[in-house]
Amino acid sequence: MITLEDVSKSFGGFRAVQGLSVSIEDGEIFGLVGPNGAGKTTTLRMMTGLLTPDKGRVMLGGHDMAKEPLAAKSILGYIPDRAFLYEKLTAREFLVFTAAIYGITKNTAVRRVEELLLLLGIGDVGDSLIESFSQGMRQRLLFASALIHEPQVLLIDEPFTGLDPFGVKTLKDIITDLGGRGVSVFLATHSLHIAEELCHRIGFINKGTLAAVRQRDEIRQTEGGLEALFLRISG
Amino acid sequence: MRAPLLAQPMLLGLRNSLTAPVILRRLPFAIIGALFWLGLYLATYRLLSFIRGIEFMGELFSERLFSMTFFSLTGFLVLSNVITAISAFYLSRDLPFLFSKPVPTGAIVRIKTVETGLDTSWMVITFLAPVFVAYGASYGAPAIYYAASLAAILLFLALTTGAGVLIAHLLTAMFPARRSRDVMLGAITLLFLAFYFIIKSALPPDLSAPDAVLQSFTRFSPDSPFLPDYWITRTLFPLLKGGRPDLLYGIVLFSNACFSLLLSSTFGRMVYRRNIEKILPGEKTPGKGLTAGIFPSVDSSFLYKDGITFFRDTGQWSQIFVILALVAVYLYNFKSIPLDALLGLSPFAVQIMVGINLLMAGLVLSAVAARFLYTAVSLEGRAFWIVKSSPVDVRRMLWLKFLSGFPPVAALIISLVAMTNYAMHVQGALMVLSALTGLLLSATVCGLATGLGAAYPKFRHDNIASVSVSIGAMVFMVIAFGVVAATIAAESWIFYLHAVRPGGSHASQVVLLLLALAAVHAAAFYLPMRIGAERLCRDADTLGL
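Sequence lines, in order, name chains A and B. With the working numbering applied, the first sequence covers 1 to 235. With the working numbering applied, the second sequence covers 1001 to 1545.
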């Protein structure tokens, strides 16, 4: 479902990502971990079409992001690490707008909006302005907007920023459920315990290079677990 | 931690921004600024030479001009300080940082007061310096005059800053900060409008008689010993002539400046923290209004979002006041045209006025398009990642933005042209031609604005109004007005050939002109839209996302 082939990106003289290749199957939850500035966000931004790779290609559901960006983006849900939203809209209006730009029909959209507001625990603030939302509520709303069109690929950058334990539990359940329903999830995070708990496979990125990819079972059998592996690979 | 330490981020930021590339990039603006200084100096000097040359009254007029400069600046400076102070004290992004540190409220009040004063005053200093120097040169003033002028400007700025900050605290204690700032922006516009109408009504109808103009100018000038312009004039004017200053008014100016700062600082220490706590974000549920039950299609999605945002964001309204003021001045001027007298001067007076009318409408069109179409893409703000990562073709989005803005703008411009034509009793073919020209200009200028706004987007902004006065917007205004002027010139020439030089064969010239006009409009519409769309397809980081 997700394929990155020899993807590279530089900013000026700085090589943010170098020759990254990885393939993620339908229903697989893949975690990308690495220290600050390792290239996690740049990788995700290339996968969403926000950045264009200098080299290599990104394929989502068989669509090349460079050649068929609209087709690739139509099956994609993206949750960035910083939630810049339309502050003067209410949560419900924002979801209606998002549904409209994905071309969802009115009846389906109305049903999805209400379902997602309830599922993510923001039904009672659906008619409040986004500008008055806390970081956690924004994160929940971002998830709702990313799921409104029932994407086949979900890209998440730091999924649990600002969330309370209830929020973390809800989102973990949602991600696991999506994986079970065949959605490919690619998440970049610093939270090693969450990556270890959720992901089927974990990639270690350091200085723009994908240093290693390990299966969850493989990691669990390693002495010291994911933290030890992370420190060894990133060190 | 004290105020000087708190000023360090500002100073270090300034130092870090003074790199060679930044200086080189700003060099053209520095040169334009220097030329502006020189121009203002020469204009003031020449005006003074003329005024002082008037028999008997020359010196009085010169003094009145001096005091009027300060009188008009006092109101605008206080209002502008209020707006800046509301932003600096209550809406700036460093507040959570400052209030989470062991910093006394008084120190924050002091540094924010300095910030407000500097932000508001730099342009006034730029404007006043050549005026003072021109006065000094005209009178051959001694060095003490220049030193005293500098001190007077600084005291004047301190006084208005203190007053502005005090009013900002009072307003924020009563109303929400953002709304107070927007109301003040509206108040500034109304003040400009009032100032324009006062000047207009004070001036005699016949501006070709300098004596009458100067007489009304003298009558208009305020002369109250309770106002700072009076204190400054009484202090500085004697020095110009090499005499002794009236120290009493110098002391009055000094003590009032100190009192103003002291009062604002004391009051600020009393209410600042309470005001800040009051404006902390709470849950806001707006009325559903007209959007309830509406579900947009892909094509109307941006209109839906932008419409809701426009009506909820009071920060967007301030420039509506500016445009309304512009329209009011425009209509007022046409209402007061002595058309009958003009008809006696030229048989084509009405046609000439129709041309001027279209030119003026073009100015309004450029201003309206700068505000609503040029900013249309930047309005997405940093949330533009949503569009970039969704299956929305940015070319289509750009067209949707254009199609949302064009109809209301065209309706406004055609109505303005029709109303003013009607006031001049213009009917028939000339009325239709004017309306069609208005429609054509609206389409081209709206396309130009949408395209250039996309080519130079500014997604990181605090207030969308700031985008419509950015350098890119100025470039748009110049090109837009060039298109308007070229269109009116071409139409006027065709009319000239048809009405003044009939009989000759002008068909080929007219066809060429029309083709050239079509090419100008096509290029002014199509190229910016294309360049804008291409620029928006660039990487998010280069777009500031």
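Where is the CB? At the ideal position from N, CA and C, for every residue including glycine.
Using a Cβ-Cβ cut-off of 8 Å, isoleucine 1023/B does not count as an interface residue toward chain A, since no Cβ of chain A sits closer than that to its own. Contact between glycine 39/A and isoleucine 205/A holds: their C-beta atoms lie close to 5 Å from each other, under 8 Å. With the rule of 3 Cβ pairs closer than 8 Å, the region 1015 to 1033 of chain B does not count as touching the region 1107 to 1117 of chain B. Scanning Met1270/B, Val1165/B and Pro1142/B for the CA closest to the CA of glycine 1242/B turns up Pro1142/B. In this structure, arginine 1382/B lies away from phenylalanine 160/A, with their beta-carbon atoms at least 8 Å apart.
In the three-state reduction of the DSSP assignment, asparagine 1421/B falls in the helix class. Note that the C-beta distance between leucine 1331/B and threonine 1420/B is below 8 Å. Here the C-alpha atom of phenylalanine 1066/B lies approximately 34 Å from the C-alpha atom of alanine 1473/B.
Residues of chain A whose Cβ lies closer than 8 Å to the Cβ of threonine 1172/B do not exist; the shortest such Cβ separation is about 18 Å. For alanine 146/A, same chain residues with a beta-carbon under 7 Å away, outside a window of 5 residues either side, are Gly77, Tyr78, Ile79 and Leu154 in chain order. Contacts with chain B at 8 Å (Cβ-Cβ) include alanine 109/A.
Going by C-alpha positions, isoleucine 1031/B is about 19 Å away from valine 1133/B.
Within chain A, the residues placing a beta-carbon under 7 Å from that of alanine 1383/B are Phe84, Leu85 and Tyr86, ordered along the chain. From the listed residues Glu28/A, Pro53/A, Phe14/A and Ile2/A, the smallest Cα separation to alanine 1540/B is found for Pro53/A.
In the displayed model, histidine 1506/B falls within coil according to three-state DSSP, outside both helix and strand. Secondary structure of methionine 1431/B (DSSP, three-state): helix.
Segment contact: the region 41 to 49 of chain A against the region 107 to 118 of chain A, fewer than three CB-CB distances shorter than 8 Å; contact not assigned.
In this structure, the beta-carbon distance from threonine 1161/B to threonine 1120/B falls below 8 Å.
Within the region 54 to 71 of chain A, Leu70 place their CB atoms closer than 7 Å to a CB of chain B, listed in sequence order.
Interface annotation for the region 1385 to 1410 of chain B against chain A: Trp1385, Ile1386, Val1387, Lys1388, Ser1389, Ser1390, Pro1391, Val1392 and Asp1393, criterion Cβ-Cβ distance under 8 Å. Segment contact: the region 1477 to 1485 of chain B against the region 1459 to 1467 of chain B, fewer than three CB-CB distances shorter than 8 Å; contact not assigned.
Contact of isoleucine 101/A with chain B by beta-carbon distance below 7 Å involves Val1298, Ser1301, Ser1390 and Val1392. Within the region 34 to 89 of chain A, complete alpha helix (DSSP H) segments of at least 4 residues are found at 40 to 48 and 69 to 74, given in chain order. Of all residues in the region 170 to 195 of chain A, none is placed with a Cβ closer than 7 Å to any Cβ belonging to chain B. Shortest Cα-Cα distance from proline 1391/B to any of Ser134/A, Leu70/A and Ser132/A involves Leu70/A. Cα atoms of phenylalanine 1402/B and arginine 1312/B: separation of roughly 21 Å, rounded to the nearest angstrom.
A direct Cα-to-Cα measurement between leucine 1047/B and isoleucine 101/A gives close to 60 Å. Rounded to the nearest angstrom, the gap between the Cα atoms of serine 1470/B and proline 1408/B is 23 Å. Rounded to the nearest angstrom, the Cβ distance from glycine 1447/B to alanine 1376/B is 11 Å, too far for a contact under 8 Å.
Beta bridge pairing from DSSP links alanine 1486/B with no other residue. Residue state for isoleucine 1413/B is assigned as helix, using DSSP reduced to three classes. Here methionine 137/A is buried. Its C-beta has 16 or more other C-beta atoms within 10 Å. Look at the region 11 to 32 of chain A: the residues with a C-beta under 8 Å from a C-beta of chain B are Phe11. The alpha-carbon of serine 74/A is positioned some 21 Å away from that of glutamate 5/A.
Secondary-structure assignment with DSSP links glycine 31/A through a beta bridge to Leu187/A and Ile202/A. Close CB contacts of isoleucine 24/A within its chain, under the 7 Å cut and outside five residues either way in sequence, are with Met1, Ile2, Phe30, Ser184 and Phe186 (chain order).
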